[in-house]
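Structure record follows, encoded as structure tokens.
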Amino acid sequence: MPGKRHAIVIHSPHSGRAPQLEEALKLLQEAGIEPVNVEPITSLNELPPQGATWQAQGIDLAIAAGGDGLVGGMIRHVIKAGPVLAILPLGTANDTARSLAIPQDLAGAVEVIVAGQEAAVDVGMALPPAASSSASGASDEEAGGDYFCHTLTIGLNVEFARLATSSEMRERFGAMTYPVAALEALRTHEPLEVVLEFEGLAGPAGPATAGQPEDELRYQVLQVAAINAPVFGGPLQLSIPGASVTDHLLDIVVVQGPDWKEIAATIGQLFAGSESTQSEASAGTTRHPAELTTLPGLHHWRASSVTISTPAGPCEVTLDGEVKGKTPITVRIAPEPLRVLVPAGWQAQTTEAGQ
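If you read the sequence shown in numbering that gives the first Met the number 0, its first letter stands for residue 0, the second for the next number, and so on.
If you want it as structure tokens, here you go:
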């Protein structure tokens with residue numbers, strides 16, 4: 000019988016399923032994985048990357064026990080050196096875990112950690128524009144860069160994230176925090192002007208062709224999202240057509256203002272779907288392609304990099320739902336892949352429209 004594996008478990012006390020952490024730790028121990036340390040993500044805030052240190056201590060697994068924001072916060076510690084990353088999806092949406100086909104139930108997620116395979120997947124990186132073009136030789140982190148696994152957003156989602164992560168709101172509304180925060184953000188948000196400058200523009204699907212947009216675009220928007228992991232919408236498992244976590248491209252989605260009521264209604268229809276779509280999604284059996292380019296007020300491109308500017312002044316940015324950084328900002332795929340455990344036999348797949 001093989002010896003025990005040793006893990007550091009990083010968790011978020013405020014994640015959607017945080018109370019299940021003790022159960023998760025018990026399942027890990029029963030499966031032959033010893034949690035050497037169990038620490039909140041806040042303990043890493045002021046520390047340099049810890050992956051090499053963990054590995055030197057005999058730790059061979061870095062387990063992110065939380066949601067998308069926690070996974071994103073772990074990237075800098077393991078992407079260049081250290082143990083392989085594993086995910087226990089204890090968040091609310093868990094879209095990163097869903098994009099990697101990691102089961103949402105704890106027993107299934109632990110089974111992936113025990114018997115899964117290691118995969119190299121893309122992660123995004125956000126940099127100040129000057130740093131992204133610098134030839135000084137400084138590392139991305141030294142130049143002020145930060146990683147994200149799922150999505151970077153500007154606009155409406157920033158206000159939503161601020162409200163949804165407020166401890167006061169979580170205590171007041173509990174499980175209803177997300178819908179209440181979304182409604183309040185929609186009620187108070189005003190469209191903003193953004194300028195998008197693309198590099199390696201590939202369009203919504205396939206290589207660039209005649210008729211693709213120019214490399215620089217200007218819009219009044221509710222939100223801009225640069226998406227790496229293609230599944231979104233939590234249990235609904237909506238998926239951006241053609242997107243993949245191994246294609247070395249970002250999916251850039253613009254929700255254009257100011258007619259946000261019409262756009263919100265359209266997005267509501269997309270999320271509602273049919274009864275069969277909802278039941279399949281709830282069962283976790285199907286990913287449903289969201290053909291964004293057919294929705295009024297939404298635009299979708301695929302590119303290797305995008306620089307986002309806001310002429311009226313700096314605007315805050317969220318990375319994996321956490322408020323980090325301000326515009327102008329350059330977003331691209333990080334030069335190094337992330338090593339993460341996925342189910343045995345997993346292969347990155349794209350979801351085609353109409354599947």
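Yeah, the Cβ is synthetic: ideal placement off N, Cα and C, and Gly gets one too.
Could you say which of the options lies nearest to residue i if we only look at CA atoms?
i, options, result
"Q56", "L46, I7, A30", "I7"
"L99", "R301, S238, L297, K325", "S238"
"A302", "G154, A311, V330, S308", "V330"
"G312", "A118, D94, V77, V193", "V193"
"A51", "L43, G31, V77, G144", "V77"
"V70", "A228, V253, N36", "A228"
"G199", "D250, G296, R4, G81", "D250"
"V35", "S42, T41, L24, L43", "L24"
"G344", "F147, G154, I101, F231", "I101"
"I332", "F147, P342, L191", "F147"
"I153", "F197, V341, G296, S308", "S308"
"I40", "L248, G72, G296", "G72"
"A201", "L248, P190, L191", "L248"
Cβ of residue i within 7 Å of any heavy atom in the ligand MG?
i, result
"S243", "Inclusion of the ligand MG in the displayed structure is not the case, the ligand content being empty and no account of it being possible."
Below 8 Å on the Cβ atoms is my guess for residue i versus residue j; work out the distance and round it to an integer in Å.
i, j, result
"A63", "L84", "6 Å"
"V120", "P334", "Not quite, the Cβ-Cβ distance comes to about 14 Å (not below 8 Å), so this is no contact."
"R4", "E33", "7 Å"
"G90", "D67", "6 Å"
How long is the line joining the alpha carbons of residue i and residue j, rounded to whole angstroms?
i, j, result
"R16", "A92", "10 Å"
"L27", "Y218", "49 Å"
"K325", "E315", "4 Å"
"I9", "T150", "21 Å"
"I112", "H298", "37 Å"
"R97", "P310", "36 Å"
"Q116", "D59", "14 Å"
"A125", "E29", "39 Å"
"V220", "V252", "11 Å"
"S11", "L87", "11 Å"
"P327", "P47", "25 Å"
"W300", "G144", "23 Å"
"P18", "F231", "24 Å"
"T306", "D246", "19 Å"
"G296", "Q222", "11 Å"
"D94", "A242", "14 Å"
"E22", "Q255", "43 Å"
"L191", "V37", "42 Å"
Give me, in chain order, the residues of the same chain whose beta-carbon lies closer than 6 Å to that of residue i; leave out the 5 immediate sequence neighbours on both sides.
i, result
"L216", "L195"
"I226", "T150, D250"
"S14", "G65, G66, L89, G90"
"A224", "T150, T152, V252"
"P355", "As displayed, the chain neither begins before 0 nor continues past 354, which places residue 355 out of reach and without an answer."
"S273", "Low confidence applies here, because S273 scores a pLDDT of 38, under 50, leaving its location unreliable; read the following figure in that light. For S273, where only same-chain residues beyond five positions count, there are no Cβ hits under 6 Å."
In its own chain, which residues sit with a C-beta less than 7 Å from the C-beta of residue i, not counting the 5 before and 5 after it?
i, result
"P82", "G50, W53, Q54, I58, D59, L60, A61"
"I74", "V122, Y146, C148, L337"
"A118", "V339, V341, W345"
"S42", "none"
"L20", "H10, A64, L89"
Who are the Cβ neighbours of residue i in its own chain at under 8 Å, not counting the five residues just before and after it?
i, result
"K79", "P48, G50, E335"
"V244", "S98, L99, V120, D121, N227, A228, P229, A347"
Can we say the segment 310 to 322 touches the segment 98 to 115, given the rule of at least three CB pairs closer than 8 Å?
Contact fails: fewer than three Cβ-Cβ distances are below 8 Å.
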